[in-house]
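*Asks:*
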Ligand code: ATP
Ligand code: MG
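Numbering (the numbering used here), first residue to last: 1344 to 1619.
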């Protein structure tokens, strides 16, 4: 699943790490690929990513096997991360002259032999070669949209890029999921934006939106996801709920919010069913 939006600061990284942690806590094996030179997803998962660490840069530019850079995430069983270092900032240019420059990540993932239920790729805020590599490698796109005034600006360009990649490089790629983030129900603007997005993308938008929450924004400074930092917080519960929707969609089961939070055994079962 490619988590993409060229608009900066809309919740790509936050959604990637917290959805991945939610899926892993329910028993799935999940790999987060950090494809942003900022390395925010690596930080949030408590993974070292100074410039000496073997990273996704080595995979893309030096053809190093993905298995040599993947690290287990501390505290969450079944969750793994391929970190990004600052080297990746140069990759956008270095890739230009390499053979099969758009499909290097796809090849690396195909050669990766560890069993996985989900791979989530955190993209940088641009539509350059790194994001194209993610879109060629991925099966579906998840677009986080921040509920504010400029939310829909740039979305057309993003959708056109998905179409281009589908037309030329990855015929199966589609936008499967839109997640509304930093939702503040007290403001009329947030609900107007949410309504507008839902009216345009009624099938793709998850019923669960992610509230604006201080706990969510604090968690990365402890190298944690909100799921481990404050498991009972509204932010944590909403990411769990969103992950459950994604898992159930994977097997074509209609999500029913009335039956959400019915006990961990049920959710564990449905999550792992969703991954098969
Ligand atoms: P970039 O484009 O730079 O990669 P991004 O799209 O990955 O940004 P994030 O880094 O996930 O966005 O989020 C941007 C900022 O908003 C971060 O400081 C993050 O902690 C904060 N944030 C994200 N989601 C929430 C939320 N639901 N409530 C409060 N703060 C949030
Ligand atoms: Mg980010």
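In this text, a Cβ means the ideal position worked out from N, Cα and C, and glycines have one as well.
This one's a predicted model, so the numbers in the text were calculated from it and none came from an experiment.
Looking at C-alpha atoms only, which residue of 1426, 1459, 1442 and 1519 is the closest neighbour of residue 1366?
*Replies:* As a first step, residue 1366 is located in the chain shown; it is residue number 23 there, counting from the start. Of the candidates 1426, 1459, 1442 and 1519, the one whose C-alpha sits nearest the C-alpha of residue 1366 is 1459.
*Asks:* Relative to the alpha-carbon of residue 1422, which residue among 1488, 1553 and 1376 has its alpha-carbon at the smallest distance?
*Replies:* Translated into positions along the chain shown, residue 1422 becomes position 79. Ranking 1488, 1553 and 1376 by Cα distance to residue 1422 puts 1376 first.
*Asks:* Could you have a look at residue 1462 and say whether DSSP puts it in helix, strand or coil?
*Replies:* Here residue 1462 corresponds to residue number 119 of the chain shown, with the count starting at 1. Looking at residue 1462 - three-state DSSP - the assignment turns out to be strand.
*Asks:* Here's the rule I'm using: 16 or more other beta-carbon atoms within 10 Å means buried, otherwise exposed. How should residue 1530 be labelled?
*Replies:* Translated into positions along the chain shown, residue 1530 becomes position 187. By the 10 Å Cβ count, residue 1530 comes out exposed.
*Asks:* Could you give the DSSP three-state label for residue 1386: helix, strand or coil?
*Replies:* As a first step, residue 1386 is located in the chain shown; it is residue number 43 there, counting from the start. In this structure, residue 1386 counts as helix in the three-state DSSP scheme.
*Asks:* According to DSSP, simplified to helix, strand and coil, what is residue 1419?
*Replies:* The residue given as residue 1419 occupies position 76 in the chain shown. In the structure shown, residue 1419 sits in coil (DSSP, three-state: anything other than H, G, I, E or B).
*Asks:* Using the Cα positions of residue 1412 and residue 1424, report the straight-line distance between them to the nearest angstrom.
*Replies:* Translated into positions along the chain shown, residue 1412 becomes position 69. Translated into positions along the chain shown, residue 1424 becomes position 81. If you take the alpha carbons of residue 1412 and residue 1424, they lie about 8 Å apart.
*Asks:* Leaving out the 5 sequence neighbours to the left and right, which residues in its chain are closer than 8 Å to residue 1606 when beta-carbon positions are compared?
*Replies:* Here residue 1606 refers to the residue found at position 263 when the chain shown is read from its first residue. Only weak support is given to the placement of residue 1606: the predicted model assigns it a pLDDT of 39, under 50, and the value that follows is read from those uncertain coordinates. Contacts found: none.
*Asks:* Could you tell me whether the stretch 1467-1484 touches the stretch 1508-1515, where touching means 3 or more Cβ pairs closer than 8 Å?
*Replies:* Result yes; three or more Cβ-Cβ pairs closer than 8 Å.
*Asks:* Are there 16 or more other CB atoms within 10 angstroms of the CB of residue 1535, so buried, or fewer, so exposed?
*Replies:* In the chain shown, residue 1535 corresponds to position 192, counting from 1. Exposed, by the Cβ-count rule.
*Asks:* For a test of your reading of the model: does the CB of residue 1356 fall under 8 Å from any non-hydrogen atom of ligand 2? Yes or no.
*Replies:* As a working mapping, residue 1356 is identified with position 13 in the chain shown. At least one heavy atom of ligand 2 is nearer than 8 Å to the Cβ of residue 1356, so yes.
*Asks:* Give a yes or no on contact between the stretch 1479-1493 and the stretch 1397-1414, applying the rule of three or more CB pairs nearer than 8 Å.
*Replies:* These segments do not touch.
*Asks:* Considering only heavy atoms of ligand 2, does any lie closer than 8 Å to the CB of residue 1361?
*Replies:* Locating residue 1361 in the chain shown gives position 18, where the first residue counts as 1. No.
*Asks:* Is the CB-CB distance between residue 1360 and residue 1387 below 9 Å?
*Replies:* Translated into the one-based positions of the chain shown, residue 1360 becomes position 17. Translated into the one-based positions of the chain shown, residue 1387 becomes position 44. Yes; because the gap between Cβ atoms is below 9 Å, this pair is in contact.
*Asks:* Can you say whether residue 1482 is buried or exposed, counting buried as having 16 or more other CB atoms within 10 angstroms of its CB?
*Replies:* Within the chain shown, the letter at position 139 stands for residue 1482. The residue is exposed, with fewer than 16 neighbouring Cβ atoms inside 10 Å.
*Asks:* Within 10 Å of its beta-carbon, does residue 1587 have 16 or more other beta-carbons around it, so buried, or fewer, so exposed?
*Replies:* Counting from 1 along the chain shown, the entry for residue 1587 is found at position 244. Buried is the call here.
*Asks:* Using DSSP bridges, identify the partner residues of residue 1521.
*Replies:* Here residue 1521 is taken as the residue at index 178 of the chain shown, counted from 1. Residue 1521 pairs with 1486 and 1548.
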